[in-house]
Structures are given as C-alpha cells and as structure tokens.
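Encoded as structure tokens, the structure appears first; notes follow it.
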Amino acid sequence: MTKKLIWEIIKLIASLCLFFISLFVLFSIIWSIINMKTSMATSEDIARVIKEYPCAKTEFEKILEKEPLLTSQAEDIGQKCQAIERQKNALE
Numbered sequence: 002m003t004k005k006l007i008w009e010i011i012k013l014i015a016s017l018c019l020f021f022i023s024l025f026v027l028f029s030i031i032w033s034i035i036n037m038k039t040s041m042a043t044s045e046d047i048a049r050v051i052k053e054y055p056c057a058k059t060e061f062e063k064i065l066e067k068e069p070l071l072t073s074q075a076e077d078i079g080q081k082c083q084a085i086e087r088q089k090n091a092l093e
C-alpha cells in the first residue's frame, strides 16, 4: 500500500514538472514574438526595407535624424511609401 502511494506521488510530481516546463516554453515563445515586434530596427532591417521599398529611403533619413525606429515601424513606412507610389502611378 505505501509503495503504491509513493509511486502515485512520484507520478504527480513528474506531471507537475512537465506542466511547468511546458508553461515556461510557451511563455518563452510568446515573449520572443513580442520582443521581435518591439525591437529597435537595426541597419540590416532598414537596408532590407529600403531594398523592398526603394521609395522609403528619404522617409527613413528624415525620421532617423530625430529618433530610432522600431522594426515594425520600418515595415509600416516601407508599405506606406509603396502604396503612395502605386497611387501616383495609377494617376499618371
């Protein structure tokens, strides 16, 4: 009877350990996703966005004189510039 009880306690402790390990992994993944979206834009990020959206170069120069950019902001600027370019081309 006591061996069975000890075995059940060991299984319970192992289950709890696995549960907390899986929670830790889940929160680590969520944290890394949040951190990616709010990280500062590096020169590689800006170069990549300028390569994808050449019209964004002048916008970046104006903004970077004042403050650093977040990676998500760099993407937004590139997409907005591309949309403006499309509108200009559609009007011509």
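Each residue of the sequence shown is one higher than the one before, starting from 2 at the first, in my numbering.
We put the CB at the ideal spot given by N, CA and C, even for glycine.
Bear in mind that the values here come from a model prediction, so they are computed numbers and not experimental data.
Asked: What's the gap between the Cα of L17 and the Cα of I11?; Found: 10 Å
Asked: Go ahead and label A75 buried or exposed: buried means 16 or more other beta carbons lie within 10 angstroms of its beta carbon, across all protein chains shown.; Found: buried
Asked: If you follow the alpha helix (DSSP H) that A48 is in, where does it begin and where does it stop?; Found: 44-53
Asked: For V26 and I14, I'd like the C-alpha separation in whole angstroms.; Found: 18 Å
Asked: Which term fits I47, buried or exposed, when burial requires 16 or more other beta carbons within 10 angstroms of its beta carbon?; Found: buried
Asked: Once the 5 residues before and after K89 are set aside, which same chain residues still bring their CB inside 7 Å of it?; Found: none
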